[in-house]
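Okay, so here's the structure we're looking at.
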Amino acid sequence: MNIKQTLIVIGNGMVGQHFLASLVASPVKQHYDIITFCEEPRAAYDRVHLSSFFTGTTAEELSLVEDGFFEQHGITIHLGDKAANIDRENKTVTSVKGLTISYDKLVLATGSYPFVPPVPGHDRAQCLVYRTIEDLVAMAAAAKTGKVGTVVGGGLLGLEAAKALMDLGLKTHVVEFAPRLMAVQLDDAGGAMLRRKIEDLGVTVHTGKNTSLITDGEQCINKMRFADGEELETDIVLFSAGIRPRDDIARACGLEVGVRGGIVIDDQCRTSDTSIYAIGECALWNGMIYGLVAPGYTMARTVVADLAGDAASFTGADMSTKLKLMGVDVASIGDAHAKTQGAKVYTYQNGDSEVYKRLVVSQDKKQLLGAVLVGDASDYSTLLQYCLNGIELPENPDALILPHRSDQSVRLGPDALPLSTQICSCYDVTKAAICTAIEAGCTTIGTLKSETKAATGCGGCSALLKSVMDSELTKQGFEVNTDICEHFAYTRQDLYTLVRVEQIKTFSDLLQSHGKGKGCEICKPAVANILAAQWNAHILEKDHLGLQDTNDTFLANMQKDGTYSVVPRIAGGEINPDMLIVLGQVGKKYQLYTKITGGQRVDLFGARVEQLPHIWKELIAAGFESGHAYGKSLRTVKSCVGSTWCRYGVEDSMGLAIELENRYKGLRSPHKIKFGVSGCTRECAEAQGKDVGIIATENGWNLYVCGNGGMKPRHADLFATGLDKKTLIKLIDRFLGFYIRTADRLQRTSVWMENMEGGLDYLKAVVIEDKLGLSEQLELQMQYVIDTYQCEWKTTIEDAAKLKRFRPFINSDQSDAHVIFVEERGQLRPADENERKHFKLMEIA
Amino acid sequence: MVNWLDVCGINDLQADSGICALLERQQVAIFSILDQVYAVGNYDPIGKANVLSRGLVGDLKGQMVVASPLYKQHFNLSTGVCLEDETVKIPIYTIRIENNRVQINSFIAHT
Ligand code: SRM
Ligand SMILES: Cc1cc2nc3c(=O)[nH]c(=O)nc-3n(C[C@H](O)[C@H](O)[C@H](O)COP(=O)(O)OP(=O)(O)OC[C@H]3O[C@@H](n4cnc5c(N)ncnc54)[C@H](O)[C@@H]3O)c2cc1C
Ligand code: SF4
Ligand code: FES
């Protein structure tokens, strides 16, 4: 008989959960009943990306637990219940809520806690730490009333916490005891460069400061006093002065712990009691606590292997890191401080673009021992592979950090990596595993990620994963085809550049000079769209007419029965009673089905092609304009009433919405664009679900970008805060201009940004900091489009040649007899198949 | 059988695009692409509406096609066969230009 044993896991954090996920994937799972104690009110979540909570990621989105995981695998989880003590003699665990459960095997994954220096006043109001979602909620609450925030600790986590304080709109300080930032990872020069960059972002950095007291402030809630006598007024004090392993429960039951804490483990992650394992940040291996997820994950997998009777050992981990701190790339590899005997150091510093790089190589100059990169970490993957795999260095190692010239690239191609190379350290995915997955048909980053899990942890390996994928695909004969269609061997972005640089004004010119064949329904509208975005000629001009999708050709949206809908612009959703009456009259006269749309305007459905010009003539006479519901262009700027009426409104959201809608109306773009403007943070205009969202605050406008509703909703990202109107409009001009130039066809801003290398930070660098030097061009181009705006319908009804298209038949004035309406709720709608049978239909050949 | 019906003048054709003619009760979509004219049924058997004359035309793998504006299926302009589903076919008409007039043989050439 095979009786199951009981396995208890204390702690359901990142490593505890990784252990459970690895365990259920192993056959050894069947021998155990699994129980886990989770002190926090929710199951495991992604602490690494905790900061994104302040830019809109929800607690649910941070979850690391797949839906139904515990139920599906028969794991019992005791949420919000802390293991209080372990009785090793009787092999039981007792919880705070009073449960006592026997175990055969016990895994401690209790993580760590933030160290708070015992300065007098450290427990005053608004003195906080940064580790759990509850900590973040407390920070957000404190930030509501406070104006100044100070982080104690200038390490990795401290700088991340500082970013969070900035995102919360606080004046931010960082206080560091050491003489430089990120003292563990960086040398003096690297630390100094990082400091300059961070100060440029508006954070005040104080180094070499030892906090001696926290007491009542005068302007702020708190005041910090330093050993040198200086003082700093601050509302929030956020401690980020290192972590300490949570070994209390292990200590109490007599397990061996280190002098400075940490549960001592061997290479199999066993504690001094062979039935008990410890993994993650609570574990002390070879005198080391690893404060990163990847080593914790390796420990978790080691325990699963050990339980299964497989030989496996934890043999230490690489502590190299690459991060983006407040938009600044920082990376440190191996022996960054050149502690190895005889090590040689190369440094490269570029004052202009603020890049600092340092290489540490072995005495014989053959091996890379370590590196520091600040400002530009694009060489990280290459250098890390040299270091980890002991790959012999080129003759002049400094070539690796000098700026690359295109003709002499020394980058280590992914081909040079041995198959055993670990590409993703979080999930221990080797190059071999990636190649196997590619052979099995995973030919996109998305499928590769879900198949191998690579790049789904800290994300540090994404760039390397992509380069391995691309090179493997090319090698296996897959063509990485990004051509827009068979007629043009170019992407939309390439075509845009060709049109712009070669001043091409028609499709036929472009086809002749750069394409083949006659074109199709993919490239024609795409090129028409590019031409309109760049030169802004009327889309029904002779040269462009044949290129447009039917909606553009008839300046209206085709419905299922071949009739069209009519959507006049109602900027910001504001409409006076007279205009509203006109809409009613026109709807009534032409018997159109009338509906308020989801975009705060009115749609009139069921217009026959021949009716469109008549309807529009009346609408234009009354002062309406085309609403461009048919185009890949600006749709609506949704707004709330804002300060004009609303008791909470802090700015005139209505006025801004109308101004923006009028500014960008008619602009052609890769896909439709939607805006939202809210008068206060209650966000009645749902601006954070739009491509461009604007929310009024006491300090000015906050700009959000790349939100999306629709099929795959995406919360917009905070892009810039406290803007005046002029700056706001400038940033939107550039943002839209860059989108129009570089997005793929039919790619909304959300997907565009998500596929962009460097993501939001890169976009900020281009749009806000003008990294590519494009801003002036983009603003000028936008101004050109605005200056050449015409209401497409107005021009059309004034031009007999254009109107010729708006008749059902070239040789008859009859209407399409196949269009049949029936009545429902007092309005007309298309007849369905059944209803049609009751009508005598024209014969269909 | 030959029954040429006069439809319109050549200036009524839309270069690289379509127009629609009513022949008794049949709707015919007429496309003019470079020097070629094509005539096919206007009814989209998949979208179930008279819309093909309003579709975009072009070539796909060497075949001249119109893409339905409703659900984007392609129909071969010379054979009427739907590229996405070969069991679906639209009617094809014989068309000619005589003395600057566009004429269609009202008998469906083949279905
Ligand atoms: C009329 C309207 C529904 C309504 O009765 O309220 C509507 C109707 C259509 N929507 Fe929409 N959408 C309408 C608001 C929305 C909204 C709400 C909003 O704008 O706040 C959304 C979600 C927000 C967003 O876009 O992020 C929306 C997300 C979509 C999508 C999905 C887009 C995506 O990125 O996932 C499509 C499909 C597409 O564009 O590829 C779509 C496509 C369409 C099309 C064009 C489908 C089609 O090809 O026939 C519909 C034709 C419009 C017409 O005939 O006039 N419609 N559609 C709304 C018109 C708003 C307006 O005044 O212009
Ligand atoms: C803001 C932030 C950013 C970070 N960024 C990075 C990064 O970029 N890269 C990186 O590699 N690492 C990063 N880390 C570190 C990473 O989050 C940790 O290494 C990882 O969470 C460790 O996992 P763990 O399971 O050991 O500990 P935890 O995730 O802390 O989980 C331990 C869990 O056990 C619970 N627990 C403790 N005692 C008990 C008990 N007696 N009974 C029941 N439950 C108990 C705790 O409440 C906790 O939920 C970051 C951490 C933070 C806070
Ligand atoms: S967002 Fe809501 S609360 Fe704020 S001004 Fe607009 S309507 Fe008022
Ligand atoms: S290394 Fe962290 S996700 Fe791959």
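Those protein sequences? They're chains A and B, same order as listed. Its first residue numbered 59, the first sequence is counted upward by one per residue in the numbering used here. Its first residue numbered 2, the second sequence is counted upward by one per residue in the numbering used here. By construction, the Cβ of each residue, glycine as well, lies at the ideal position given by its N, Cα and C atoms.
Can a CB atom of chain B be found closer than 9 Å to the CB of residue i?
i: A903/A; result: For A903/A, the pLDDT reaches just 32, beneath the cut-off of 50, and the residue's location in the model is therefore unreliable, leaving the point undetermined.
i: Q872/A; result: yes
i: H76/A; result: no
i: R887/A; result: no
i: V925/A; result: The question about residue 925/A has no answer, for chain A in this structure spans 59 to 903.
i: N609/A; result: yes
i: P353/A; result: no
Flag residue i as yes when its Cβ comes closer than 8 Å to any non-hydrogen atom of ligand 1, and as no otherwise.
i: F682/A; result: no
i: F612/A; result: no
i: G212/A; result: no
i: E744/A; result: yes
i: N148/A; result: no
i: K696/A; result: yes
i: S623/A; result: yes
i: N766/A; result: yes
i: T655/A; result: yes
i: H602/A; result: no
i: F663/A; result: yes
i: K748/A; result: yes
i: N720/A; result: no
i: Q606/A; result: no
i: K229/A; result: no
i: K732/A; result: yes
With a CB to CB cut of under 6 Å and the five nearest residues on each side skipped, what residues in its chain are close to residue i?
i: S18/B; result: none
i: L662/A; result: V624, G645, L650, T652
i: G42/B; result: I91, P92
i: K723/A; result: L692
i: Y554/A; result: I588, R799
i: G664/A; result: T621, L650, Y651, L886
i: C493/A; result: E530
i: E744/A; result: G734
Leaving out five residues on either side along the sequence, give the residues of the same chain with a beta carbon under 7 Å from the beta carbon of residue i.
i: P172/A; result: V187, Y188, R189, F297, S298, I301
i: G767/A; result: G747
i: F372/A; result: D325, C327, W343, T356, M357, T360
i: A16/B; result: S33
i: Q443/A; result: I449, L470, L475, T479
i: K511/A; result: Y485, V487
Who are the near neighbours of residue i in its chain, counting only those whose CB is closer than 8 Å to its CB and skipping five residues on each side?
i: F612/A; result: Y622, V667, L670, Y688, R863, F864
i: G400/A; result: S420, Q421
Run the proximity test for residue i: is its beta-carbon closer than 8 Å to any non-hydrogen atom belonging to ligand 6?
i: L244/A; result: Judged by which ligands are present, ligand 6 is missing from the structure shown, whose ligands are ligand 1, ligand 2, ligand 3 and ligand 4.
Does the CB of residue i have a neighbour CB from chain A at under 9 Å?
i: D36/B; result: no
i: K90/B; result: no
i: R97/B; result: no
i: A16/B; result: yes
i: A40/B; result: no
i: Q28/B; result: yes
i: R55/B; result: yes
i: D86/B; result: no
i: C21/B; result: yes
i: L78/B; result: no
i: I47/B; result: no
i: V82/B; result: no
i: I1/B; result: Only positions 2 to 112 of chain B appear in this structure, which leaves residue 1/B out of reach.
May I ask you to check if the CB of residue i is nearer than 8 Å to at least one heavy atom of ligand 2?
i: Q352/A; result: For the record, residue 352/A in the displayed sequence is Ala; it is not Gln. Yes - ligand 2 has a heavy atom lying nearer than 8 Å to the Cβ of A352/A.
i: M72/A; result: yes
When you compare the CB of residue i with every CB in chain D, is at least one pair closer than 9 Å?
i: N100/B; result: Included in the structure are the protein chains A and B, with no chain D among them.
Open item on the list: Give me the subset of the region 202-217 of chain A whose CB atoms are less than 9 Å from a CB atom of chain B, sorted by chain position.
Closed with: none
- [ ] Scan the region 578-600 of chain A for residues whose Cβ lies nearer than 9 Å to a Cβ of chain B and list them as they occur along the chain.
- [x] So the list reads C578, E579, I580, C581, K582, P583, K600, given in the order they occur along the chain.
Task: Contact list for the region 641-664 of chain A against chain B, Cβ threshold 7 Å - done: Using a CB distance below 7 Å, no part of the region 641-664 of chain A faces chain B.
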